[in-house]
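K.L.:
Using our numbering, read the sequence shown as starting at 45 and increasing by one per residue.
From the three backbone atoms N, C-alpha and C, an ideal C-beta is built for every residue, glycine too.
This structure is a prediction, so every number in the text was calculated from the model and none was measured.
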Amino acid sequence: MGGKDLLRTLAVTGLLLVTACSAADPNPDDRSEGSLRTELTDTERVLLGDAEERLIAECIREAGFEYRLDPVAPREKVPERRFGLDDVDWAREHGYGLADTAGTGDRGGKSAAPKSSQDRYLAGLAPSRLAAYERALNGTKPDAIVVPAPGRGEIFTAADGCRADARRALYGDLRKWTEAKATVVNLAYLTYDDVVAEPRYTKALADWRACMKKRGLDYPDTSRAVGAVAKESDSRTPEQAREREVEVAVADAECNRSAGLARTGTRLQKEHVRDAARRTYARQTRYYTQAVTTALDRARAVTETG
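1) Which class does T349 belong to by DSSP, given the choice of helix, strand or coil?
2) Within the chosen definition, does the region 122-129 reach the region 309-323 through at least 3 CB pairs nearer than 8 angstroms?
3) Inspect the beta-carbon positions of L80 and E97 and report whether they are closer than 8 angstroms.
4) Rounded to a whole number of angstroms, what is the C-alpha to C-alpha distance between A250 and C299?
5) So, is D49 buried or exposed, given that buried needs 16 or more other C-beta atoms within 10 angstroms?
6) Hey, A343 and L92 are a contact pair by Cβ (cut 8 angstroms); roughly how many whole angstroms apart?
7) Name the one or two DSSP bridge partners that V191 has.
8) Assuming the contact rule is C-beta atoms closer than 8 angstroms, E88 and L340 should be a hit. Round their C-beta distance to whole Å, please.
9) How long is the line joining the alpha carbons of E242 and R211, rounded to whole angstroms?
10) Can you give the Cα-Cα distance for V229 and R173, rounded to whole angstroms?
11) Determine the DSSP secondary structure at D341, reduced to helix, strand or coil.
12) Counting only the same chain and skipping the five closest in sequence on each side, list residues whose C-beta sits under 6 angstroms from that of V336.
13) CB G197 to CB A293, shorter than 8 angstroms?
14) What's the C-alpha gap between A295 and D130?
15) Cβ of T201 within 8 angstroms of Cβ of V317?
16) On the three-state DSSP scale, how would you describe A170?
17) Please look up how many angstroms separate the CB atoms of D209 and T184, rounded, as I've assumed it's under 8 angstroms.
18) What would DSSP say about P123, mapped onto helix, strand or coil?
19) Give the DSSP-derived three-state secondary structure of G216 in the structure shown.
20) Where V270 and S161 are concerned, what is the direct C-alpha to C-alpha distance, given to the nearest angstrom?
21) Report all residues from its chain with a CB closer than 6 angstroms to the CB of P186; omit the five preceding and five following residues, and keep chain order.
22) DSSP on T82, reduced to helix/strand/coil?
23) Could you spell out where the alpha helix (DSSP H) holding N241 opens and where it closes?
24) Evaluate K258 with the Cβ neighbour count: other Cβ atoms within 10 Å of its Cβ, from every protein chain shown; 16 or more gives buried, anything less gives exposed.
25) What does a CB cutoff of less than 8 angstroms around R288 pick up in its chain, not counting 5 residues either side in sequence?
26) G168: buried (16+ other C-beta within 10 angstroms of its C-beta) or exposed?
27) What does the alpha-carbon distance come out to for the pair Q284 and C255?
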């Protein structure tokens, strides 16, 4: 099913929110600079993901395949740690989260979670049917759309297939949306070096180091502390490794909080991201803002009637 067919189906079944001004792609000039979006809330992210999955499921089923929507298990909230860990309670319970990471299989620990019912369905398909399913889902040319991703090179995506159709139904022009998203989600990465070079940040980092050193922990930053703890774990029993990890992580979090390191970094990053969104990447951010606003309305219509 093509993108136009999917939109037509949604409109007929009442799943696509229709307003007087939504027939065309989002207008990137509709938003003022003061209301530009550079991120989604957790609730919005779940809503958009759910709507996309429902649209994909409808499309795949019309192509003659099954697409089982398994309930998504809630994920534990993990503190943001771009500028170190300042959640002392979380550190007391999880340390740096090294054991949690190992449990996912990322560090050679336990195996991954059991396969979903959709995975089991796909495993039962004959090779030719599986290939046809993959074409229906992911399109015929995975690099039909190639866009720049600032600081990351280029990214590519298909222009046809159920996944592309679902995203087009939610966000409008797929090339513009892919470029806008690739830019906006990278703004924190693009501005990171400028943030950590700010005098306010380097002062907070120096205060963190001094606090840690008073506790006998001499690390230049949190990432080095985590690396050292992980390396030490190889020569310790699991109990000893856990105790040491929690000890260092709690000290790290307490020093981070007293120095205001994460607070300062987060505040500065918001300033730098906002400036980049308004200036260097204004075109992409305006499109992203309007596309997300429109997509949220469409997603609510999809999930409320699906």
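P.N.:
With the given structure in hand:
1) helix
2) yes
3) no
4) 11 angstroms
5) Bear in mind that a pLDDT of 41 at D49, under 50, signals an unreliable position, so the model cannot answer this.
6) 5 angstroms
7) I199
8) 6 angstroms
9) 38 angstroms
10) 35 angstroms
11) helix
12) R81
13) no
14) 10 angstroms
15) no
16) coil
17) Wrong, their Cβ atoms sit about 13 angstroms apart, outside the cutoff.
18) coil
19) coil
20) 37 angstroms
21) A202
22) coil
23) Looking at the sequence shown, residue 241 is not Asn but Ala. No alpha helix (DSSP H) contains A241, which DSSP labels as neither H nor E.
24) exposed
25) V273, E276, S277, R280
26) exposed
27) 24 angstroms
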